[in-house]
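The letter at position 28 of the sequence shown is residue 27 when you use numbering that gives the first Met the number 0, and the numbering goes up by one with no holes.
A virtual CB, placed ideally from N, CA and C, is assigned to each residue, including glycine.
All of these numbers come straight from a predicted model, not from anything done at the bench.
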Amino acid sequence: MKYSSIISITFALASIIIGIFLSRIPKKLGFYRWVTTLDPSAIGLTPAHHYGIPWGYTLEEYYDNCSAIKGQNALVTGGNSGIGFAIANALATCGVHVTIACRNAERCTAAVKKMKENAATIVSITTMVVDTSSLSSVREFSKDFLVKNDGRSLDMLFLNAGRGQPYGEMGPLILSEDGIEITFATNYLGHHLMWKYLEPLVLKSITGRVVLTSSSASFKTFPNKVATSMEELHGQGSPPTDLRYYSQSKLAQILWTKKVSRELANDTNMY
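Encoded structure:
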């Protein structure tokens, strides 16, 4: 058999295999569900990994129960795009007063415009600016939010704003203006400080809820799960493509949530 024929057959077989994996066949056979038994970090990674498991709650059920949250007060950081946008849009559509906080005022304004174009029922949504990688920005934002919400409770706090791994950047990992590795500062530390300011407002709520947007990347971090020194935390000897720093920030969110839950225990109606 000629060498060119072998290459042609190899490419043909590869195309068939790729085509099968891109089809619905592996999903319906339970292949992706099986993968989750080998790698827990894949659980919930895509709808295919959840195939065959009944959803505990649907978007239709949510909209059918809008009256349960209508008139409540919510803050969504990073509400101008992605998951944050979807959360803010769904809440505002149900009559929740929503504040979306973004790094960029123009993007915040554009997001609100898009939401109102999609749902004429949205009447109460405001914007504020905060950079969660900057402790001074978080302090200024939090104090301003407290003033604007004087006398009100904060029923829902979505600590969603985040920064992904800066692929393609050269040199050492970027530090924030406070000298902290910027992914950790953005995804975790800034939100921790914000919580310290806004906790009293959440505790005023009859059923306060705090939600953080974490990631299955939390499984893929350092050998000791978190950095064990300031040098390791700031990662100045690591390239920006080192995924462990993003993963660490996501694990920190989970550990923080567990710690706050233990501290509050049965002394509050907060979830």
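In the DSSP assignment, what are the bridge partners of Ile-124? In the DSSP output, where bridge partners are listed per residue, Ile-124 has Val-97.
Straight-line CA distance for Ala-160 to Ser-246? Rounded to the nearest angstrom, the two C-alpha atoms are 15 Å apart.
Tell me which same chain residues have a C-beta within less than 6 Å of the C-beta of Val-128, skipping the five on either side of it? Result list for Val-128: Ala-104, in chain order.
So, Gly-189 versus Leu-134, is the Cβ gap smaller than 9 Å? Remark: C-beta atoms of Gly-189 and Leu-134 approach each other more closely than 9 Å.
Residues in the same chain with beta-carbon distance under 6 Å from Ser-214, minus the five sequence neighbours each way, listed in chain order, please. These residues qualify, in order along the chain: Lys-249.
Can you check DSSP and say which residues form a bridge with Phe-221? For Phe-221, which the question treats as bridged, DSSP gives the partners Lys-224.
Check for me: the beta strand (DSSP E) holding Asn-72 runs from which residue to which? Counting along the chain, Asn-72 sits inside the beta strand (DSSP E) bounded by residues 72-76.
Below 7 Å CB to CB, which residues in the same chain sit around Pro-272 once its five sequence neighbours on both sides are set aside? This structure cannot settle anything about residue 272, because the visible part of the chain is limited to 0 through 270.
Are the segment 141-151 and the segment 175-189 touching by the rule of at least three beta carbon pairs closer than 8 Å? When C-beta atoms of the segment 141-151 are compared with those of the segment 175-189, fewer than three pairs fall below 8 Å, so the two segments do not count as touching.
Are the beta-carbon atoms of Thr-76 and Val-97 separated by less than 9 Å? Against a cut-off of 9 Å, the Cβ pair of Val-97 and Thr-76 comes out as no contact.
Which value, in whole angstroms, describes the spacing of the CA atoms of Glu-176 and Phe-183? In a straight line, the C-alpha of Glu-176 is about 13 Å away from that of Phe-183.
In the DSSP output, which residue or residues are listed as bridge partners for Glu-180? Leu-174, per the DSSP bridge assignment.
Nearest neighbour of Ser-204, chosen from Cys-93, Ser-152, Ala-110 [CA to CA]: Here the closest residue by C-alpha is Ser-152.
Could you check which residue in Leu-156, Ala-118, Tyr-196, Gly-43 has the C-alpha nearest to that of Val-209? For the residues Leu-156, Ala-118, Tyr-196, Gly-43, the minimum Cα distance to Val-209 belongs to Leu-156.
Simplified DSSP state of Leu-158, which is helix, strand or coil: Strand at Leu-158.
To the nearest angstrom, report how far apart Asp-279 and Ile-19 are at their CA atoms. Limits of the chain in this structure are 0 at one end and 270 at the other, which puts residue 279 out of reach.
Would you please verify whether the beta carbon of Ala-13 is less than 9 Å from any beta carbon of chain D? The structure shown contains no chain D, having only a single protein chain.
When Gln-252, Asn-64, Ile-6, Gly-51 are compared against Pro-25, the one with the closest alpha-carbon: Checking every option, the nearest Cα to that of Pro-25 belongs to Gly-51.
Consult DSSP for Val-209 and reduce its assignment to one of helix, strand or coil. Three-state result, Val-209: strand.
For Ala-47, collect the residues of the same chain with a Cβ closer than 7 Å to its Cβ; drop the 5 residues on either side in sequence, then sort them by chain order. Hits under 7 Å: Lys-26, Tyr-31.
Grab me the residues of Ala-41's own chain with a C-beta within less than 8 Å of its C-beta, minus the 5 sequence neighbours each way, in chain order. The residues are Tyr-31, Val-34, Thr-35, His-48, Ser-215.
Along the chain, where does the alpha helix (DSSP H) containing Ile-82 start, and where does it finish? For Ile-82, the enclosing alpha helix (DSSP H) starts and ends at 81-92.
Taking DSSP as the reference, what is the three-state secondary structure of Lys-69? Under the three-state reduction of DSSP, Lys-69 is assigned to coil, being neither helix nor strand.
Extent of the continuous alpha helix (DSSP H) run through Asp-143: That run of the alpha helix (DSSP H) goes 134-147.
According to DSSP, is Gly-189 part of a helix, a strand, or is it coil? Looking at Gly-189 - three-state DSSP - the assignment turns out to be helix.
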